[in-house]
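In the numbering used here, each number is its position in the sequence shown, counted from 1, plus 96. Every residue gets a Cβ at the ideal spot worked out from N, C-alpha and C, and that includes glycine. All figures in this text were calculated on a predicted structure; none of them were measured in a lab.
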Amino acid sequence: MRDTGLTSAAGSTVGASPRAAGVTGVLFAVLFSTSVIILKLSVSDVNSDDGGQWLADTAGWVAFAIGLMPFAGIFFLWFIGVVRARLGRREDQFFSAAILGSGLLFLAMVFVGAGVAGAMVTSYSRDPSGFPGSSAYWLARDVVTQIFSVYALRMAAVFLLAQATLWLRVQVMPRWISLLTYPVALLLLFVVTESFWVVLVFPAWVFLVSVYILVVRLHRPDVDHAATQTSLEGADG
Numbered sequence: 097m098r099d100t101g102l103t104s105a106a107g108s109t110v111g112a113s114p115r116a117a118g119v120t121g122v123l124f125a126v127l128f129s130t131s132v133i134i135l136k137l138s139v140s141d142v143n144s145d146d147g148g149q150w151l152a153d154t155a156g157w158v159a160f161a162i163g164l165m166p167f168a169g170i171f172f173l174w175f176i177g178v179v180r181a182r183l184g185r186r187e188d189q190f191f192s193a194a195i196l197g198s199g200l201l202f203l204a205m206v207f208v209g210a211g212v213a214g215a216m217v218t219s220y221s222r223d224p225s226g227f228p229g230s231s232a233y234w235l236a237r238d239v240v241t242q243i244f245s246v247y248a249l250r251m252a253a254v255f256l257l258a259q260a261t262l263w264l265r266v267q268v269m270p271r272w273i274s275l276l277t278y279p280v281a282l283l284l285l286f287v288v289t290e291s292f293w294v295v296l297v298f299p300a301w302v303f304l305v306s307v308y309i310l311v312v313r314l315h316r317p318d319v320d321h322a323a324t325q326t327s328l329e330g331a332d333g
């Protein structure tokens with residue numbers, strides 16, 4: 097016999113998940129994109145030989161952009177959690193582990209890159225004449241570029257591939273969103289570029305999914321309720 101009290105509580109929790117996923121996803125996308133855009137506009141091109149002149153001109157903006165990253169990361173962690181909760185008992189352990197692992201690795205890469213960029217600003221404030229153009233400066237520049245444009249993008253691609261496959265299996269999201277996710281993931285997986293702009297593809301995808309969840313939650317609560325009931329009762333059949 098089912099415990100109606102526990103079921104009711106679970107239903108309330110899962111029912112609140114779509115709204116939470118939508119809000120946290122939008123906040124992550126906005127904060128992360130804002131940070132990346134500020135960094136791109138403030139920091140000179142990786143191939144330019146400016147000797148670190150941007151540190152003197154835009155160090156304050158760079159520090160502000162880096163300061164947004166931890167908050168974007170918090171919202172992304174929450175987004176992962178509520179999206180997984182949305183699946184309920186239909187969650188596949190293999191794909192769930194892939195989503196969680198790639199999401200955490202993506203976030204770790206972003207934090208490392210932001211930390212190195214922050215160290216560059218701090219090093220410049222301590223030695224404004226010696227640090228720009230030094231070997232340590234160029235090493236830090238290359239590390240940040242590699243992390244954001246190679247390793248973080250690959251982890252984001254794995255996150256999208258696992259998420260799309262799981263959505264197709266359990267059908268908690270429209271088929272068109274799941275199918276659209278595959279070319280986006282392949283772009284992030286195989287693109288070879290040092291441009292920061294490509295990094296914005298991932299938060300754009302999170303923003304799209306989050307807005308869809310919020311719109312469906314607002315205008316079609318019956319669809320959301322049906323998905324919630326299915327996730328709660330899937331293991332009871």
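- Across the structure, I243 and L304 are spaced so that their CA atoms are roughly 25 Å apart.
- When rounded, the separation of the alpha-carbon atoms in W157 and D188 is 42 Å.
- The C-alpha of V208 lies about 30 Å from the C-alpha of W263.
- For G199, the enclosing alpha helix (DSSP H) starts and ends at Q189 to R222.
- The C-alpha of F298 is placed about 12 Å away from the C-alpha of V122.
- Ranking V212, G148, L200 and W174 by CA distance to the CA of G163 puts V212 first.
- Residue state for Q267 is assigned as coil, using DSSP reduced to three classes.
- If you draw a straight line from the Cα of A260 to the Cα of S274, it comes to about 5 Å.
- For V240, the uninterrupted alpha helix (DSSP H) segment begins and ends at S231 to Q242.
- A152 and P224 have their C-alpha atoms some 8 Å from each other.
- Taking all protein chains shown into account, V288 has fewer than 16 neighbouring C-beta atoms within 10 Å of its C-beta and is therefore exposed.
- Between F227 and G148 a beta carbon distance of about 7 Å is seen, short of the 8 Å cut, so the two are scored as contacting.
- Under the three-state reduction of DSSP, S225 is assigned to coil, being neither helix nor strand.
- Contact check for F255 against V132 fails: the beta carbons are separated by 8 Å or more.
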